[in-house]
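Comments concern the structure below.
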Amino acid sequence: MPLDPITSPQNPRIKNLLKLQQKSSERRAQGLTIVEGLRELTIAHGAGVAVTALFVCPDLAGAQHQQALRELFGRQGVEWFEVSKAVFEKVAYREGSDGVLALVKPPLLTLEELPLPASPLLLVLEAVEKPGNLGAILRTADAAQATAVIVCDPRTDLFNPNAIRSSIGCSFTVPTIATTRPELLAWCQRHGIRTYAAALTAAAVPYTTCNFQGPTALVMGTEADGLTPELMQACDQTIIIPMRGAIDSLNVSTATAILTFEAVRQREV
């Protein structure tokens, strides 16, 4: 049940929430991240993520959301703090918040810990830096039931609160792993995973001509720079999505969705 209400922004717990929200170094040091929103928190809980504390604004959450939280966490000994509306608005990082925020322990996996089916479908992102793009790709991975999302040399931490928000909680339903380019390539080679680099090169072939039914990794670069030459050249095949208009490329999350669902289509034939 809730403890005494928090009404001051100088409360140490509130100050710590702000640090966790703003600094990836704090999230790494404390092994925690922030999930805002009942929907996202319900998905995280369903995926088995450990929740350590709840911060609830009764004025925003309302009786229905509070009852849902009691049903989810009432018997788990999770600390529950009521927060005034003025204080909650300082820690909320989305517009139209529903008054629910939680501290959770994100699941940290390595490549070697990832269980692989016979024909894994992996989405590989190199140097992703925009949490919104990472979140959108995680939603695609969840919808397609991809095996995992693997990020090489990330420029944002995988459990950035904004990535969680953009993923609507799919950060927790899809195994998500940070690694380096050499580690990824060696691991793919050991497991017989064919790598397809999405890049505009002379050697690239239309994605619809490729066979994605076997062990497959779809490798995507950043919107600004694309893939590094080192990773592009190390992949087994370069592929493109043919452009029919004036523009020569798509948003990386859109391009990833197109390639992913082509792989899903082939696997269902």
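According to my numbering, the stretch in the sequence shown is residues 331 to 599, in order. Backbone N, C-alpha and C define an ideal beta-carbon position, used for all residues, glycine too.
Taking C-beta atoms as the reference points, Ala547 and Cys500 fail to come closer than 8 angstroms. Given a length threshold of 4 residues, each whole run of the alpha helix (DSSP H) inside the segment 344-415 is given here in chain order: 354-360, 368-376, 388-403. The beta carbon of Ile373 lies closer than 8 angstroms to those of Ile498, Gly499, Cys500, Phe502, Thr503 in the same chain, with the five residues before and after it left out. Per DSSP, the beta-bridge partners of Cys482 are Glu456, Thr509. Of the residues assessed, Arg357 falls on the buried side of the cut-off, its CB having 16 or more other CB atoms within 10 angstroms. Approximately 6 angstroms separates the beta-carbon atoms of Thr509 and Ile480; this is inside 8 angstroms, confirming the contact. With respect to the C-alpha of Glu401, the residue from Gly376, Lys415, Ala422 having the closest C-alpha is Gly376. Each residue's CA atom was taken as its position, placing Pro536 and Leu580 some 15 angstroms apart. Counting of Cβ neighbours within 10 angstroms places Leu515 among the buried residues, the total reaching 16 or more. About 15 angstroms separates the CB atoms of Val408 and Ala391; that is not less than 8 angstroms, and the two are not in contact. Assignment of Ile570 by DSSP, reduced to helix, strand and coil, places it in the strand class. Three or more Cβ pairs closer than 8 angstroms define a contact, and the segment 404-424 meets that threshold against the segment 336-351. Distance from the CA of Val599 to the CA of Lys420, rounded to the nearest whole angstrom, comes to 51 angstroms. In this structure, Gly361 is the residue among Gly361, Gly367, Glu425, Gly556 with its C-alpha nearest to the C-alpha of Leu439.
Just so you know, the alpha carbons of Arg495 and Tyr526 end up roughly 29 angstroms apart.
Between the alpha carbons of Pro484 and Glu459 lies a gap of roughly 7 angstroms. Secondary structure of Asp472 (DSSP, three-state): helix. Counting the other Cβ atoms within 10 Å of the Cβ of Asp555 gives fewer than 16, which makes it exposed. In the structure shown, the three-state DSSP call for Leu464 is helix. By alpha-carbon distance to Ile364, the top candidate from Gln543, Phe385, Pro491 is Pro491. For Met562, the number of other beta carbons within 10 angstroms of its own is at least 16, and it is reported as buried. Note that the C-beta distance between Glu366 and Ser427 is below 8 angstroms.
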